[in-house]
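Enquirer: 10 is the number of the first residue of the sequence shown in the working numbering; add one for each residue after it.
Sharing a structure with you now.
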Amino acid sequence: LLLVVVWEWQNEHGRWRPYSAAVCHHIENVLKGDARGTVVLGQVDAPLSPYVIDLQSMHQFRQDTGKRRCNFLSMHTYGGQQMMW
Numbered sequence: 010l011l012l013v014v015v016w017e018w019q020n021e022h023g024r025w026r027p028y029s030a031a032v033c034h035h036i037e038n039v040l041k042g043d044a045r046g047t048v049v050l051g052q053v054d055a056p057l058s059p060y061v062i063d064l065q066s067m068h069q070f071r072q073d074t075g076k077r078r079c080n081f082l083s084m085h086t087y088g089g090q091q092m093m094w
């Protein structure tokens, strides 16, 4: 079973948006170095400084609100097939 991780952020209107390619690349680089570490998104994109991803739990959360989200899609689902990494 193969899974695709869809990294998103929640805007001020409560809508979930995908992270930019640069942020996704940063997440993948940190993941390769320490799969149990933490990704600080503000290191790549300053407006995302409240967001942190805990790689061990595979949850991302906003430090100032505590909101978190994790979404896994099988590569065999439509959503998983549409992702290009």
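Quick reminder that beta carbons are idealized off the backbone N, C-alpha and C, glycines included.
Bear in mind the structure is a predicted one, so any value in this text is a computation, not a measurement.
Identify the residues that DSSP records as bridge partners of PRO27: which are they?
Expert: GLU17
Enquirer: Measure the C-alpha to C-alpha separation of ASP43 and HIS22 and round it to an integer number of angstroms.
Expert: 33 Å
Enquirer: Reducing DSSP to helix, strand and coil, say where HIS22 ends up.
Expert: coil
Enquirer: Among LYS41, THR74, ARG45, SER58, which has the Cα closest to the Cα of TYR28?
Expert: SER58
Enquirer: Who are the Cβ neighbours of GLY51 in its own chain at under 6 Å, not counting the five residues just before and after it?
Expert: Result list for GLY51: LEU57, SER58, in chain order.
Enquirer: Taking the continuous beta strand (DSSP E) assigned at ARG45, which residues delimit it?
Expert: Counting along the chain, ARG45 falls outside any beta strand (DSSP E), and DSSP gives it neither H nor E.
Enquirer: Whose CA, out of HIS68, TYR60, SER66, lies closest to the CA of THR74?
Expert: TYR60
Enquirer: In three-state terms, what does DSSP make of VAL7?
Expert: Residue 7 cannot be examined here, being either before or after the span of the chain that is shown, 10 to 94.
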